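Asker: There's a structure below that I have some questions on.
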Amino acid sequence: MAFPSECDVLIVGSGNAGFSAAVSAVQSGAQSVILIDKCPEEWAGGNTYFTAGAYRTVHGGLLDLLPVVNNVDQDLASRIDLGPYSNDDFANDMHRVCMGRSDPLLAHTLISDSNSTIKWLAKNGIRFQLSFNRQAYKLKDRYHFWGGLSLKTQDGGKGLVEDYKAAALRHGVTLCWSTALTGVDLQKSSPIPSVSAEARQVKASVLHEGVEGTIQAYALIFAAGGFEANPRMRCQYLGPGWDMAMVRGTPYNTGDCLELAIRELDAKPAGNWSGCHSVAWDANADANAGDREASNEYTKSGYPLGLMLNAHGKRFVDEGVDFRNYTYARFGKAILAQPDHVVFQVWDAQTSPWLREEEYRDERVERITANTLEELADRCAQRGLQNPDQFVATFKEYNEAVYAHRRENPAAKWNPAIRDGVSTQSNAKQLELPKSNWALAIDKAPFLAVKVSCGITFTFGGLAVDPKDARLIQSTTGKPLPNVFCVGEMMGGLFYNNYAGGSGLTSGAVFGRRAGDAAAKVALAARESEGASDKST
């Protein structure tokens, strides 16, 4: 097939946001949609491929979600506790974890569209499931969902990309791999009555499998990801030491399109450019790219069930300050700041059985085991622990604080499905750094430790957009370009310092859907204008 030279809508990036935009554009009337990505086809999906496929959405409870999931029968449904998650719940979570800095109009659009977008995705072949393995604990034969996050896709990011590719092909989207965007020229054309600015065509310069070419389009949608795989940009914007972070996703998200849009389109930077989503990541993983087979399984998110100690044998975060959904995206940064950028997660026999098998099984992580804490410290010392004595002393002090709290609060009940208040803080003893919830003593052999580092997921800094349809805002004019859009990780202004788990994929789909619809309307209006011009001549 000859490389296409023109289309109605050109999309750059093959992740969740790009595919959502592509399907939406076709459904809204675009006659031809081309999606390009600089990666080869075997790396399709961007960072979406490496996610757990979790989507955060407003919903009315279990009955609202059952029609879109494929893993719950009638008997299982009768044993599930899953309450509603309202607009206010979502808004409060966003406000709390993002320090009240999220653009209020972007956040409103995200939240208000979340439920309808999930159902739209399901109608287009995205296979959703209730996330029993990640978001529910089984207590007395009942599944208790927690943390405001209930949905995931079948087979996680792998299954999500598979479903998106199938949907794109069903809709006739042309997919072009090994095709990098190298330049953009906005060419003035005849005015279009249906838009408030002079129409332009987009002339995109591309490098397709080493051959230069151009694609003429009526609308362009940027969905090319952040700069998390670019060590230079990480140090420039996130700060010193961030070149040492491990890339947990695609190695192709290097910020090229961000820089291109700012340089050639006068795009307005927006959002938290010194912030990112980063997690506890297997210290033995490849530092420069995610593993396509292991995917998200190198994440190590079981820390609320235990403790994390740095190479000096000291704790550095409150592992129980909140549900994992609201802490994992910022704890990676805390890990990076520790000596040698590594820490040890530790559990005993009480909580290690609660760890998720896909993250902590032998095939995915080096499990360091011992029958005493002293023996565990010696074995961790062979893997980078610098102060074994302090390591043991930290557990001794922690355990004393746990038992002091129990003596004062004999009715306290450990429950990982709620913020249970089972902590280290009592009148008799308080730790300088508490564990605020889920604090069990770590003193029952055998003991388990794993070594983790910081894995960076995506960057929060991006470009300003119109919240209604994700049109790109220009710095000089402060106005949106009529036919250039920006979605996904490239869109700035939504996440600051942290994010509510699952809201990233939801954002990409919500704004991708809106951008695809608006871009198709631009193309249709341009075609009508050209047709009217031809008739007049």
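Read in order, the letters of the sequence shown correspond to residues 1224 to 1760 in the numbering used here. Glycine residues also receive a C-beta, built at the ideal position from the N, C-alpha and C atoms. The structure presented is a predicted model; accordingly, all values stated were derived computationally and were not measured.
Report the residue ranges of all alpha helix (DSSP H) runs contained in full by the region 1301 to 1344; include only those spanning at least 4 residues, in chain order.
Answerer: Taking only runs of at least 4 residues, the alpha helix (DSSP H) segments lying wholly in the region 1301 to 1344 are 1310 to 1320.
Asker: Which one of Asp1514, Ala1600, Ala1687, Gly1498 has the shortest CA to CA distance from lysine 1674?
Answerer: Stepping through the sequence shown from its first residue, residue 1674 is reached at position 451. The shortest C-alpha separation from lysine 1674 is found at Ala1600.
Asker: Considering only DSSP beta bridges, list what aspartate 1408 is partnered with.
Answerer: Along the sequence shown, read from residue 1 onward, the residue named residue 1408 stands at position 185. Aspartate 1408 is bridged to Lys1426.
Asker: For glycine 1525, tell me which candidate among Asp1612, Val1470, Val1235, Thr1574 has the shortest Cα-Cα distance.
Answerer: Numbered from its first residue, the sequence shown carries residue 1525 at position 302. Comparing Cα-Cα distances from glycine 1525 to each of Asp1612, Val1470, Val1235, Thr1574, the minimum goes to Thr1574.
Asker: Which residue comes first and which comes last in the alpha helix (DSSP H) that contains arginine 1357?
Answerer: Taking the first residue of the sequence shown as 1, we reach residue 1357 at position 134. Its alpha helix (DSSP H) spans residues 1355 to 1358.
Asker: Nearest by alpha-carbon distance to cysteine 1230: which of Gly1236, Asp1479, Leu1258, Val1246 is it?
Answerer: Mapped onto the sequence shown, residue 1230 falls at position 7. Checking every option, the nearest Cα to that of cysteine 1230 belongs to Leu1258.
Asker: Can you name the start and end residues of the beta strand (DSSP E) that cysteine 1603 belongs to?
Answerer: Translated into the one-based positions of the sequence shown, residue 1603 becomes position 380. Looking at the DSSP string, cysteine 1603 is not in any beta strand (DSSP E); the run it does join, the alpha helix (DSSP H), is 1596 to 1604.
Asker: In the structure shown, what three-state DSSP assignment does serine 1501 receive?
Answerer: For the purposes of this step, residue 1501 is taken as the residue at position 278 of the sequence shown. Note: serine 1501 maps to strand in three-state DSSP.
Asker: What's the C-alpha gap between threonine 1402 and asparagine 1476?
Answerer: Numbered from 1 along the sequence shown, position 179 holds the residue referred to as residue 1402. Numbered from 1 along the sequence shown, position 253 holds the residue referred to as residue 1476. Distance between the alpha carbons of threonine 1402 and asparagine 1476 is about 14 Å.
Asker: What three-state label does DSSP hand glutamate 1586 in the structure shown?
Answerer: What you label residue 1586 is simply residue 363 of the sequence shown in a count that begins at 1. The answer is coil: DSSP assigns glutamate 1586 none of H, G, I, E or B.
Asker: Which one or two residues does DSSP pair with methionine 1531 in a beta bridge?
Answerer: Reading the sequence shown from its first residue, position 308 is the one you call residue 1531. Paired residue(s): Gln1568.
Asker: Quick test of your reading: alanine 1446 and threonine 1473, contact by CB under 8 Å. State the CB separation rounded to the nearest angstrom.
Answerer: Position 223 of the sequence shown, counted from the first residue, corresponds to residue 1446. Position 250 of the sequence shown, counted from the first residue, corresponds to residue 1473. Contact flag wrong, Cβ pair sits at about 13 Å.
Asker: Comparing C-alpha positions only, which one of Arg1606, Glu1597, Ala1627 sits nearest to glutamine 1613?
Answerer: As a working mapping, residue 1613 is identified with position 390 in the sequence shown. Per the Cα distances, Glu1597.
Asker: Classify serine 1413 as buried or exposed, calling it buried when 16 or more other Cβ atoms lie within 10 Å of its own Cβ.
Answerer: Mapped onto the sequence shown, residue 1413 falls at position 190. With a pLDDT of 45 at serine 1413, under the threshold of 50, the modelled position of that residue is not reliable, and the figure given next carries that caveat. So serine 1413 counts as exposed.
Asker: Measure the CB-CB distance between tyrosine 1761 and arginine 1587 and report whether it falls below 9 Å.
Answerer: For residue 1761 there is no data in the structure shown, the boundaries of the chain being 1224 and 1760.
Asker: Starting from threonine 1699, follow the alpha helix (DSSP H) in both directions and report where the run begins and ends.
Answerer: Residue 1699 sits at position 476 when you count from the first residue of the sequence shown. It is not in any alpha helix (DSSP H) - threonine 1699 carries neither H nor E in the DSSP assignment.
Asker: Under the assumption that serine 1501 contacts glycine 1678 (Cβ atoms under 8 Å), give the Cβ distance between them as a whole number of angstroms.
Answerer: To locate residue 1501, count along the sequence shown from 1; it is residue 278. To locate residue 1678, count along the sequence shown from 1; it is residue 455. Right, the Cβ-Cβ distance comes to about 6 Å (below 8 Å), so this counts as a contact.
Asker: Going by DSSP, name the residue or residues bridged to tyrosine 1719.
Answerer: Within the sequence shown, numbered from 1, the residue matching residue 1719 stands at position 496. The partner list for tyrosine 1719 (beta bridge, DSSP) reads Asn1721.
Asker: Considering cysteine 1399, what are the terminal residues of the beta strand (DSSP E) in which it resides?
Answerer: Here the question's residue 1399 lines up with position 176 in the sequence shown. Cysteine 1399 -> beta strand (DSSP E) spans 1397 to 1399.
Asker: Alpha carbon to alpha carbon, how far is arginine 1553 from glutamine 1377? Give it in angstroms, no decimals.
Answerer: Locating residue 1377 in the sequence shown gives position 154, where the first residue counts as 1. Locating residue 1553 in the sequence shown gives position 330, where the first residue counts as 1. Taking the straight line from one Cα to the other gives about 26 Å.
Asker: Kindly indicate which three-state DSSP category glycine 1269 falls into: helix, strand or coil?
Answerer: Along the sequence shown, read from residue 1 onward, the residue named residue 1269 stands at position 46. DSSP places glycine 1269 in helix when its eight states are reduced to three.
Asker: Rounded to the nearest angstrom, what separates valine 1418 and alanine 1742 at their Cα positions?
Answerer: Counting from one through the sequence shown, the residue named residue 1418 turns up at place 195. Counting from one through the sequence shown, the residue named residue 1742 turns up at place 519. In this predicted model, valine 1418 has a pLDDT of only 36, less than 50, meaning its place in the structure is not dependable enough to derive any value.
Asker: Span of the beta strand (DSSP E) holding glutamine 1613?
Answerer: If you number the sequence shown from 1, residue 1613 lands on position 390. Taken as a continuous stretch (DSSP letters only), glutamine 1613 belongs to no beta strand (DSSP E), being part of the alpha helix (DSSP H) at 1611 to 1631.
Asker: Which residue comes first and which comes last in the beta strand (DSSP E) that contains glutamine 1439?
Answerer: The residue given as residue 1439 occupies position 216 in the sequence shown. Note, glutamine 1439: beta strand (DSSP E), 1434 to 1445.
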